[in-house]
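Heads up, the thing below is written out as structure tokens.
Number of protein chains: 2
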Amino acid sequence: MNKSTLYKGCLEPIIMRLLKDNGRMYGYQITQMVKELTKGELQITEGALYPLLHRLEEQGVVETEMENIGNRVRKYYTLTKAGKKQTSVAMDELKMFMQSLNLIVNPKLA
Amino acid sequence: MNKSTLYKGCLEPIIMRLLKDNGRMYGYQITQMVKELTKGELQITEGALYPLLHRLEEQGVVETEMENIGNRVRKYYTLTKAGKKQTSVAMDELKMFMQSLNLIVNPKLA
DNA sequence: TACCAATACATAAGGATGTTATGTATAAAT
DNA sequence: ATTTATACATAACATCCTTATGTATTGGTA
Numbered sequence: 001m002n003k004s005t006l007y008k009g010c011l012e013p014i015i016m017r018l019l020k021d022n023g024r025m026y027g028y029q030i031t032q033m034v035k036e037l038t039k040g041e042l043q044i045t046e047g048a049l050y051p052l053l054h055r056l057e058e059q060g061v062v063e064t065e066m067e068n069i070g071n072r073v074r075k076y077y078t079l080t081k082a083g084k085k086q087t088s089v090a091m092d093e094l095k096m097f098m099q100s101l102n103l104i105v106n107p108k109l110a
Numbered sequence: 001m002n003k004s005t006l007y008k009g010c011l012e013p014i015i016m017r018l019l020k021d022n023g024r025m026y027g028y029q030i031t032q033m034v035k036e037l038t039k040g041e042l043q044i045t046e047g048a049l050y051p052l053l054h055r056l057e058e059q060g061v062v063e064t065e066m067e068n069i070g071n072r073v074r075k076y077y078t079l080t081k082a083g084k085k086q087t088s089v090a091m092d093e094l095k096m097f098m099q100s101l102n103l104i105v106n107p108k109l110a
């Protein structure tokens, strides 16, 4: 069992949460923030991140702006109004899920 | 985003944990216990459970005994010695993962 | 008693999600 | 001058779970 298998399926709510907290972020920044927040535990791969962000854009969850930084381009992502609502729902579900996990891992504390 | 997508990848440690706590269990019993423990939140499908159990057996994580209940057969699963060790590791990883999730979902509490 | 729900196993086809590998390009550090 | 970090993107592949289907016994209920 690969360790990184665990967060399969949790990436989307994680990213939505970060966007809700930080307003406007670009892809690379998201990977770095997740790494920092989790002290290196979760490392989002680019192959997972970028397709996911594109999908969220297609679905109208986020919208994008390009910004030039010197000769380089950054693509900033922001939650749309609909995206914010969906994020609230996703957060409730994620918290429920975490509680469920807790009920299994620590049945006595519950 | 389907709600059930969340625990993709967490099923294996969940099942190992239940086997560690309860010693000896059969498949259907596992699905029922997860449902009860999580108050209906997590419902393991048979299509996910049985192939997983078979894989764990192949890998020597669990061993099985058949038991006849009337005219029906139950297949009981027990962790092997190696399986118990792997379960400890898996639990540490799962707890780490849960902490990481918490650091993202509740950055201020951390 | 006929039918449906619950119990109990199993597997195959398909979908969703992530990894690994690869490619392009600029900027900073050594 | 070369490597590392920044910054995007995509394709092939693997993994994991869902949905659907199949078999069979047991218990409840109309």
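Chains as they are written, first to last, in the numbering used here: chain A, 1 to 110; chain B, 1 to 110. Every residue, glycine too, gets a C-beta built ideally from N, C-alpha and C.
* Kindly confirm or deny that the region 95–102 of chain B and the region 47–55 of chain B touch, where touching means at least three C-beta pairs closer than 8 Å. => no
* Is there a Cβ from chain A that is less than 7 Å from the Cβ of residue 103(B)? -> yes
* Quick one: what does DSSP say residue 185(A) is sitting in, helix, strand or coil? -> No information on residue 185(A) is available, as it lies outside the stretch 1 to 110 that chain A covers here.
* Do the region 73–80 of chain A and the region 35–47 of chain A make contact, defined as three or more Cβ pairs closer than 8 Å? -> no
* Asked: When the Cα atoms are used, what is the spatial distance from residue 90(A) to residue 104(A)?
  -> 21 Å
* Can you list, in chain order, the residues of the region 12–31 of chain B whose Cβ is nearer than 8 Å to any Cβ on chain A? -> 12, 13, 14, 17, 18 and 21
* From 12(B), 37(B) and 10(B), residue whose alpha carbon lies closest to that of residue 106(A) -> 37(B)
* Taking Cβ positions only, does residue 38(B) come closer than 7 Å to chain A? -> yes
* Asked: Mind checking residue 7(B): buried by the 16 CB within 10 Å criterion, or exposed?
  -> buried
* To do: Tell me where the alpha helix (DSSP H) around residue 105(B) begins and ends.
  => 81–105
* Endpoints, alpha helix (DSSP H) assigned at residue 22(B) -> 11–22
* Note the first and the last residue of the continuous alpha helix (DSSP H) segment covering residue 31(A). => 27–37
* Anything in chain B within Cβ reach of residue 5(A), meaning under 9 Å, just list it in chain order. => 8, 9, 10 and 12
* May I ask you to list the residues that DSSP assigns as paired with residue 68(B)? => 73(B)
* To do: Tell me whether the beta-carbon of residue 39(A) lies closer than 7 Å to the beta-carbon of residue 87(A).
  => no
* Could you name the residues of the same chain whose beta carbon sits closer than 6 Å to that of residue 42(B), not counting the 5 residues immediately before and after it, in chain order? => 34
* Check the Cβ of residue 41(B) against every Cβ in chain A and list those closer than 9 Å, keeping chain order. => 96, 97, 99, 100 and 103
* Since residue 65(B) and residue 57(B) are thought to touch, with beta carbons under 8 Å apart, how far apart are those beta carbons, to the nearest angstrom? -> 11 Å between Cβ atoms; not a contact.
* Asked: According to the neighbour-count rule (16 or more other Cβ atoms, all chains shown, within 10 Å of its Cβ), is residue 14(B) buried or exposed?
  -> buried
* **Alpha carbon of residue 17(B) to alpha carbon of residue 70(A), nearest angstrom** => 52 Å
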